[in-house]
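See below for the structure under consideration.
In our numbering, the protein residues as written are 1340 to 1889.
Next up, the structure:
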């Protein structure tokens, strides 16, 4: 209003001149705002105030920082936006909201280890926009304020059967970290061995147009078989491709950005329908007598899904369609990191003859001839081999670039002296930690750039025996592919075991000559930032079957 009055009194004021004055004034106040926020940011950063995280400077007074780059290229956005490279928490103002970015090894671990933060509101957003969870189920989700612990929050009046966050967390931990883990690992060992041993590759060199596609189909199929039994893949041979279509368009689904090609929507609908049909078939055919000694059955696959079907049936709003959406999300999440991180560790091994030899030397004692002639892998023994563990850790460091999004839903939190108010989203990225040259290029690693694959970062020699020893000492907060603390990914053991199992099978059964250029092997930063990224192009290779002797 003041500006309008001043403009009315400008001598000789015309419409064009007024517009010019408004433009100049807007630029002036934007620059002034930027200068002020820079001064405030530096003052807080330099310790004049250590209570409230400083605000990252921005030019546009109303909108603040517009994170367009996060949509177009999430990886590049994280690598170039200053907020993610501060060593203390900062605030980013975007569309009238303050978002707290927490980086720095100590601050990151401090935030992730807090019990009072939750990813449950983010889960609701993902389920609604990516997996199309119906409204009635979303209402149950929104009403659940009871928390993830066995004892509900005092103010909560949610019935026990509708405690969605608690029941989801409990089912995942029982399946992936508790009694169900051994059975799942045994199942995936069997299905992955069967699928990888049966690749259409003979003893002569065979050209494979894209190793990524091979992994996305065959290893995904093996994982789906292990989780749900063979029904989904038998009835829907293209199910893996539909899952990976969801990954490709995930960030657009999440942000509701229109996609003019209908194929991504059709792929998602086919995937939901495939899970719906499988669940219907399992309900109609399951009998208690079909349960095996591990608690699984040929209809539901792992007992996890059978138990959850009963669990959701007791909740308000969870119709058959809602159950299909929820379990599709589980099946999808089980592939996105585990399959692509398996691809990367295999690729890095075949790219380097020295690493390949060392890997084969450690794999060989873990392999026996199975009764069907296929190799029988001792996956627990694999996980104890020092060089294999180093290969896995370096692959996860270099190729996993994920986001952590958490809400302090019940109270304000303090992260090493920095206050973050409740009901504000806190985000962090694994990228700055994984790519910190001050940490990863120190000492013996000084000659190896942070973007170089070098597994010796995690190895040392025993002073007495000279044997290799794997070590993660000092890496807390710098190596966080699965998060840390009470909200760490419950599927981390499954993903690691699948990585090493796949690597062992590939180096035992096949030779592989990578034909892709360095440009083709760059990571695609435009995809949904769920963890392990895909390459930006196809990865042609040639393969041949080896004569192995366990």
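Built from N, CA and C at the ideal position, the CB exists for glycine as well.
Distance, Cα to Cα, residue 1883 vs residue 1696? Within the chain shown, numbered from 1, the residue matching residue 1883 stands at position 544. Within the chain shown, numbered from 1, the residue matching residue 1696 stands at position 357. One C-alpha to the other measures close to 17 Å.
Out of curiosity, what's the CA-to-CA distance linking residue 1369 and residue 1398? Taking the chain shown and counting its residues from 1, one reaches residue 1369 at position 30. Taking the chain shown and counting its residues from 1, one reaches residue 1398 at position 59. Confidence is the limiting factor: at residue 1369 the pLDDT is only 40, short of 50, which leaves the residue's position unreliable, though a coordinate-based value still follows. Here the alpha carbon of residue 1369 sits roughly 5 Å from the alpha carbon of residue 1398.
Can you tell me whether DSSP reads residue 1475 as helix, strand or coil? Start at 1 with the first residue of the chain shown, and residue 1475 comes out as number 136. Helix at residue 1475.
Same chain, Cβ closer than 8 Å to residue 1658, neighbours up to 5 away in sequence not counted: Counting from one through the chain shown, the residue named residue 1658 turns up at place 319. 1473, 1475, 1476.
Got a sec? Which residues, its chain only, sit under 8 Å from residue 1376 by beta carbon, not counting five neighbours each side? For the purposes of this step, residue 1376 is taken as the residue at position 37 of the chain shown. Note that residue 1376 has pLDDT 46, beneath the 50 cutoff, so the model's placement of it is unreliable and the number below is only indicative. Closer than 8 Å at the Cβ level, and outside the excluded window around residue 1376, lie 1394, 1395, 1396, 1397.
Which same chain residues end up closer than 8 Å to residue 1531 when comparing Cβ atoms and leaving out the 5 residues on each side of it in sequence? As a first step, residue 1531 is located in the chain shown; it is residue number 192 there, counting from the start. Here residue 1531 has 1558, 1561, 1562, 1565, 1837, 1840, 1841, 1844 as same chain residues with Cβ atoms under 8 Å from its own Cβ, once five neighbours each way along the sequence are excluded.
Note down the Cα distance separating residue 1747 from residue 1469, rounded to an integer number of angstroms. Along the chain shown, read from residue 1 onward, the residue named residue 1747 stands at position 408. Along the chain shown, read from residue 1 onward, the residue named residue 1469 stands at position 130. Answer to the nearest angstrom: the Cα atoms are 24 Å apart.
Reference residue 1727; option with closest CA among 1664, 1798, 1751, 1804: Stepping through the chain shown from its first residue, residue 1727 is reached at position 388. Selection 1664, 1798, 1751, 1804 evaluated against residue 1727 yields 1798 as nearest (Cα-Cα).
Validate contact between the stretch 1644 to 1656 and the stretch 1696 to 1711 using beta carbons, cut 8 Å, 3 pairs: Taking a cut-off of 8 Å for Cβ pairs, the stretch 1644 to 1656 and the stretch 1696 to 1711 do not touch, as fewer than three such pairs fall below it.
Candidates 1589, 1555, 1450, 1620, of which the one nearest residue 1570 by Cα: Residue numbering aside, residue 1570 sits at position 231 when the chain shown is read from its first letter. For residue 1570, the nearest C-alpha among the options comes from 1620.
Are three or more beta carbon pairs between the stretch 1850 to 1866 and the stretch 1681 to 1694 nearer than 8 Å? Per the Cβ contact rule, the stretch 1850 to 1866 is in contact with the stretch 1681 to 1694 (3 or more Cβ pairs under 8 Å).
Residue 1378, buried or exposed, once every other Cβ within 10 Å from all chains shown has been counted against 16: By 1-based counting over the chain shown, the position of residue 1378 is 39. Confidence at residue 1378 is low in this model, with a pLDDT of 43, below 50, so its placement is unreliable and the value that follows should be read with caution. With fewer than 16 other Cβ atoms within 10 Å, it is exposed.
CB-CB length for residue 1703 against residue 1709, believed under 8 Å: Position 364 of the chain shown, counted from the first residue, corresponds to residue 1703. Position 370 of the chain shown, counted from the first residue, corresponds to residue 1709. Contact flag wrong, Cβ pair sits at about 15 Å.
Enumerate in chain order the residues of its own chain whose CB-to-CB distance from residue 1873 is below 7 Å, with the five nearest sequence positions on each side excluded. Your numbering for residue 1873 matches position 534 in the chain shown. Taken in chain order, the residues that qualify are 1551, 1679, 1863, 1866.
Residue 1606, DSSP secondary structure in three states: On the chain shown, position 267 is the one that residue 1606 refers to. It is helical.
For residue 1495 and residue 1567, what's the separation of their Cα atoms in angstroms? By 1-based counting over the chain shown, the position of residue 1495 is 156. By 1-based counting over the chain shown, the position of residue 1567 is 228. Cα to Cα, residue 1495 sits roughly 35 Å from residue 1567.
Any alpha helix (DSSP H) of 4 or more consecutive residues that is wholly inside the stretch 1502 to 1588: Entirely contained in the stretch 1502 to 1588, the alpha helix (DSSP H) runs reaching 4 residues are, in chain order, 1503 to 1515, 1519 to 1536, 1550 to 1553, 1559 to 1567, 1570 to 1574, 1578 to 1587.
How far does the beta strand (DSSP E) with residue 1714 in it reach, from first residue to last? As a working mapping, residue 1714 is identified with position 375 in the chain shown. If you look at residue 1714, you'll find it in the beta strand (DSSP E) that goes 1714 to 1716.
With a Cβ-Cβ cutoff of 7 Å, do residue 1903 and residue 1739 count as a contact? There is no way to answer for residue 1903, as the model of the chain reaches only from 1340 to 1889.
Span of the beta strand (DSSP E), counted from its first residue to its last, around residue 1747: Walking along the chain shown from the start, residue 1747 turns up at place 408. Taken as a continuous stretch (DSSP letters only), the beta strand (DSSP E) holding residue 1747 covers 1739 to 1747.
Could you spell out where the beta strand (DSSP E) holding residue 1882 opens and where it closes? What you label residue 1882 is simply residue 543 of the chain shown in a count that begins at 1. Run containing residue 1882: 1880 to 1884, per the beta strand (DSSP E) assignment.
Runs of beta strand (DSSP E) lying entirely within the stretch 1640 to 1695, each at least 3 residues, in chain order: Residue ranges of uninterrupted beta strand (DSSP E) with 3 or more members are absent from the stretch 1640 to 1695; none lies entirely inside it.
Which partner residues of residue 1809 appear in the DSSP bridge assignment? For this step, residue 1809 is matched to residue 470 along the chain shown. Bridge partners of residue 1809: 1798.
If you compare alpha carbons, which of 1430, 1413, 1646 is closest to residue 1509? As a first step, residue 1509 must be located in the chain shown, where it is residue number 170. Scanning 1430, 1413, 1646 for the CA closest to the CA of residue 1509 turns up 1646.
Please determine if the stretch 1794 to 1808 and the stretch 1484 to 1501 are in contact, where contact requires at least 3 C-beta pairs separated by less than 8 Å. As far as the Cβ criterion goes, the stretch 1794 to 1808 does not touch the stretch 1484 to 1501, which means the pair count is below three.
Within this structure, are the beta carbons of residue 1440 and residue 1422 separated by less than 7 Å? By one-based count along the chain shown, residue 1440 stands at place 101. By one-based count along the chain shown, residue 1422 stands at place 83. Taking 7 Å as the Cβ cut-off, residue 1440 and residue 1422 qualify as a contacting pair.
Would you mind giving the Cβ-Cβ distance between residue 1752 and residue 1438, rounded to the nearest angstrom? I have them listed as a contact below 8 Å. Working through the chain shown from its first residue, we reach residue 1752 at position 413. Working through the chain shown from its first residue, we reach residue 1438 at position 99. With a Cβ gap of about 15 Å, residue 1752 and residue 1438 do not count as contacting.
What residue range does the alpha helix (DSSP H) around residue 1777 cover? By one-based count along the chain shown, residue 1777 stands at place 438. Going by DSSP, residue 1777 is part of the alpha helix (DSSP H) stretching over 1776 to 1779.
Helix, strand or coil: which one does DSSP assign to residue 1782? The count along the chain shown starts at 1 and reaches residue 1782 at position 443. Residue state, collapsed to three classes: helix.
Determine the closest residue to residue 1492 out of 1519, 1528, 1507, 1455, with distance taken between C-alpha atoms. Indexing the chain shown from 1 puts residue 1492 at position 153. Looking from the CA of residue 1492, the closest CA among 1519, 1528, 1507, 1455 belongs to 1455.
Measuring CB to CB, does residue 1655 end up less than 7 Å from residue 1501? By one-based count along the chain shown, residue 1655 stands at place 316. By one-based count along the chain shown, residue 1501 stands at place 162. Yes, the Cβ-Cβ distance between residue 1655 and residue 1501 is below 7 Å.
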